[in-house]
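Take the sequence shown: its letters are residues 296 to 548, numbered as in the working numbering.
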Amino acid sequence: MNMPIGMITLLVIGVLVYFGIAHRILDRMRLTDKQALMFIAAVVVGSFIDIPLMSSPTEVTINVGGAVLPALLAIWLIFKADETAERVRAIVAAFLVAAAVSLGSRYLPYEPENMFLDPKIIYGVSAGLIAYLAGRSRRSAFVGGVLGIILSDIVHMLTLVGLGIPGTTAMGGAGAFDVVIIAGIVAVMVAELVGETREKMQGGPVLGQNRPEGLYEFSEELSQYRNKKKQEDDTNKQKNNNSGKNREGEKGE
């Protein structure tokens, strides 16, 4: 029995997290190594749990590891965002991914053997790239990729139920589980790669007052930078005002 692509990807990510290699990325996403490992373990266990939602005319189930837990993490990341712009971009990215996947599933061949590559990889990588382009930051890209795939599953389920087509649909289960994992990982990795490349090309330091503002994400890092800059400007204005008053006092004497 072959292990699913999503499961292999999760195990690889788990090893990277365990050895601290993914610490910087997790820090940007407001996750600790321990939280990430617990989430990965929960997703692996949850992938074996399907919750029935409907039995007639279409049998509908939702997979805990492939839909429920990723959706909860994505929603949590949205609420943890510091900027409204980041939240908006994440939601827009999710809808764009859902639309792209839904259209792709409608026009691309249904049978895997008729495609040049495994459909799960095509949908997952495409969703990850779209999520990054729309989301830009690591968190927004991850949210867009994961929620987008889950939303496309919901659209598929509503279509079957609305048309009264008998059959079975498993949201977040089977191939959808792999696509959710691939989309989320690709989105974050592309965001990290582009961010690092742009930083090196612009020659900005990782942190500090000499770092170009364009290198900051719409996150707490940018908020802290702006607050610090505002405080410095206010301090300089206060010093200038005090200096002016002192000079006026000296002239008066």
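We put the beta carbon where it would ideally sit given N, CA and C, even for glycine. Small disclaimer: the values here were computed from a predicted structure and weren't measured.
ask   = In terms of residues, what are the limits of the beta strand (DSSP E) holding T304?
value = Looking at the DSSP string, T304 is not in any beta strand (DSSP E); the run it does join, the alpha helix (DSSP H), is 300–313.
query = Among the residues of its own chain, which have a CB less than 6 angstroms from the CB of A362, if the five just before and after it don't count?
reply = I445, M466, G467
request  = Could you give the DSSP three-state label for L510: helix, strand or coil?
outcome  = Because L510 carries a pLDDT of 45, less than 50, the predicted location of this residue cannot be relied on, and no value is offered for it.
ask   = Starting from P365 and walking both ways along the alpha helix (DSSP H), at which residues does that stretch end?
value = Here the alpha helix (DSSP H) through P365 covers 364–375.
task = Excluding the 5 residues preceding and the 5 following R382 in the sequence, name in chain order all residues of the same chain whose CB lies nearer than 7 angstroms to its CB.
result = I373, A376
request  = Using beta-carbon positions only, say whether L306 and F334 come within less than 8 angstroms of one another.
outcome  = No.
message = Any beta carbon from chain C within less than 8 angstroms of G479's own beta carbon?
response = Going by chain labels, chain C is absent from the structure shown, which holds only one protein chain.
ask   = What is the DSSP secondary structure of T327, reduced to helix, strand or coil?
value = coil
ask   = My guess is that G399 and Y418 are in contact by the Cβ rule of under 8 angstroms, so how many angstroms apart are they, rounded?
value = Confirmed, Cβ separation roughly 6 angstroms.
query = Which partner residues does G462 have in the DSSP bridge list?
reply = T353
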